[in-house]
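Protein chains in written order, with the working numbering: chain A, 1 to 112; chain B, 113 to 223.
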C-alpha cells in the first residue's frame, strides 16, 4: 500500500542551529502537503503547507521544500529553539483532498 | 475560545463496554474528522464528515460509529471495546480543502 515517511526517527539539534526534517511520500497523485507539529500531550498543530504547483514556501522561521521528482518533502527550521522540540508530521492529500495520509513523524530534540 | 474541543480527555474502561467521545468546533468549518494515534505516534484517519455527510470511511470496524448532529459536532461511539482500541483519538476540522485544526485528543485505555 501507499505510505508516507519512515519509522519515527529522532533528530537532535543544538539550540540556534538549523533543523531539517525529511519526509518521503509514495503517492504521485498527491497535490497538497502539510507539516504539523505535535507537542507532548497535545494535538497536531498546523505549521506550513505547500501545493504541488510550488517547490518552496516560506513562513516565519520555517521553509518547506517539495521535490516531486523524487517524492520528497522537507521542513527547515531556522535558529531552532527549545520550544521547537516536538514530533513533526508530514501529511499528503489527494483525491480532491478526501484522502489524507500522515507520515510516521520525526521527533525533534533541541539541546540547550 | 477553544477552536476544537473534545470530551473526555481521558477515558478508562473495561473490555466489552460501549463508550462515546464528543467533539465540537466553533470555527464554522464544514468538514470534521476523527483520527486514531497509536502508541508509536502513527496517525490514521478514521472518518470524515462534510456538512453532516460521511465522505471518508477508512477501514474501521463497524463497532465505531460516528454521528454528526450538526456541522459543528462529530461524536464517536464505540461498541464492544477491545484492547486494541486503546489509543489517542483526535477530532479535527477544516474549511474545505485546507489544513486541519486538531482537538487536544482523548486518551482511551481499555483494560
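Glycine included, each C-beta is placed from N, C-alpha and C at the ideal position.
**Request:** Answer with yes or no whether the minimum CB distance from residue 94 (chain A) to chain B is below 7 Å.
**Result:** Counting from 1 along the first chain, the entry for residue 94 (chain A) is found at position 94. Judged by the 7 Å Cβ criterion, residue 94 (chain A) is not in contact with chain B.
**Request:** Classify residue 124 (chain B) as helix, strand or coil using the three-state DSSP reduction.
**Result:** Along the second chain, read from residue 1 onward, the residue named residue 124 (chain B) stands at position 12. Reduced to three states, the DSSP call for residue 124 (chain B) is strand.
**CB contact flag (residue 91 (chain A), residue 34 (chain A), <7 Å)** = On the first chain, position 91 is the one that residue 91 (chain A) refers to. On the first chain, position 34 is the one that residue 34 (chain A) refers to. Yes, these two residues count as a Cβ contact at 7 Å.
**Request:** With 7 Å as the threshold, decide whether the Cβ of residue 196 (chain B) is near any Cβ in chain A.
**Result:** As a first step, residue 196 (chain B) must be located in the second chain, where it is residue number 84. Not one chain A Cβ lies under 7 Å of residue 196 (chain B).
**Prompt:** Taking Cβ positions only, does residue 11 (chain A) come closer than 7 Å to chain B?
**Reply:** The count along the first chain starts at 1 and reaches residue 11 (chain A) at position 11. Judged by the 7 Å Cβ criterion, residue 11 (chain A) is not in contact with chain B.
**Message:** Are the CB atoms of residue 213 (chain B) and residue 133 (chain B) within a distance shorter than 7 Å?
**Reply:** The residue given as residue 133 (chain B) occupies position 21 in the second chain. The residue given as residue 213 (chain B) occupies position 101 in the second chain. The answer is no: Cβ separation not under 7 Å.
**Exposure label - residue 44 (chain A); buried when at least 16 CB within 10 Å** = By one-based count along the first chain, residue 44 (chain A) stands at place 44. Residue 44 (chain A) should be labelled buried.
**Request:** Within its chain, find whatever has a CB closer than 8 Å to the CB of residue 38 (chain A); leave out the 5 residues flanking it on each side and keep chain order.
**Result:** Within the first chain, the letter at position 38 stands for residue 38 (chain A). Only 44, 45, 86, 87, 88, 89 and 105 meet the Cβ criterion.
**Item:** Neighbouring residues, chain B, relative to residue 37 (chain A) (Cβ below 7 Å)
**Value:** For the purposes of this step, residue 37 (chain A) is taken as the residue at position 37 of the first chain. Neighbours of residue 37 (chain A) on chain B: none; closest Cβ ~11 Å, over 7 Å.
**Asked** Any idea which residues DSSP pairs residue 37 (chain A) with across the strands?
**Response** The residue labelled residue 37 (chain A) in the question sits at position 37 within the first chain. According to DSSP, which records beta bridges pairwise, residue 37 (chain A) is partnered with A:45 and A:88.
**Prompt:** So, residue 135 (chain B) versus residue 186 (chain B), is the Cβ gap smaller than 7 Å?
**Reply:** Translated into the one-based positions of the second chain, residue 135 (chain B) becomes position 23. Translated into the one-based positions of the second chain, residue 186 (chain B) becomes position 74. Yes, these two residues count as a Cβ contact at 7 Å.
**Asked** With distances taken from CA atoms, which of A:100, A:112 and A:111 is nearest residue 27 (chain A)?
**Response** As a working note, residue 27 (chain A) is residue 27 in the first chain. With distances taken between Cα atoms, residue 27 (chain A) lies closest to A:100.
**Prompt:** Looking only at DSSP bridge pairs, what is residue 206 (chain B) linked to?
**Reply:** One-based indexing of the second chain puts residue 206 (chain B) at position 94. In the DSSP output, where bridge partners are listed per residue, residue 206 (chain B) has B:143.
**Prompt:** Taking residue 52 (chain A) as the reference, which of A:67, A:102, A:60 and A:75 has the closest Cα?
**Reply:** Counted from its first residue, the first chain places residue 52 (chain A) at position 52. The residue with the shortest Cα to Cα distance from residue 52 (chain A) is A:67.
**Message:** For residue 19 (chain A) and residue 76 (chain A), which I take to be in contact (beta-carbon distance under 8 Å), what is that distance rounded to the nearest angstrom?
**Reply:** Here residue 19 (chain A) refers to the residue found at position 19 when the first chain is read from its first residue. Here residue 76 (chain A) refers to the residue found at position 76 when the first chain is read from its first residue. Indeed they touch by this definition, with Cβ atoms about 7 Å apart.
**Asked** Which residue's Cα is closest to the Cα of residue 147 (chain B): B:223, B:188 and B:196?
**Response** As a working note, residue 147 (chain B) is residue 35 in the second chain. The candidate whose alpha carbon is nearest that of residue 147 (chain B) is B:188.
**Request:** Return the chain-ordered list of same chain residues with a C-beta closer than 7 Å to the C-beta of residue 2 (chain A), the five sequence neighbours on each side being excluded.
**Result:** In the first chain, residue 2 (chain A) corresponds to position 2, counting from 1. Summary for residue 2 (chain A): the model assigns pLDDT 41, below 50, so the residue's position carries little reliability, and this model does not support an answer.
**Request:** Please state whether DSSP places residue 197 (chain B) in a helix, a strand or coil.
**Result:** Translated into positions along the second chain, residue 197 (chain B) becomes position 85. Three-state result, residue 197 (chain B): helix.
**Request:** May I have the straight-line CA-CA distance separating residue 184 (chain B) from residue 163 (chain B), to the nearest angstrom?
**Result:** Numbered from its first residue, the second chain carries residue 184 (chain B) at position 72. Numbered from its first residue, the second chain carries residue 163 (chain B) at position 51. C-alpha separation (whole angstroms): 9 Å.
**Item:** Buried or exposed (CB count within 10 angstroms, at least 16 for buried), residue 122 (chain B)
**Value:** For the purposes of this step, residue 122 (chain B) is identified with residue 10 of the second chain, where counting begins at 1. Exposed: under 16 other Cβ atoms inside 10 Å.
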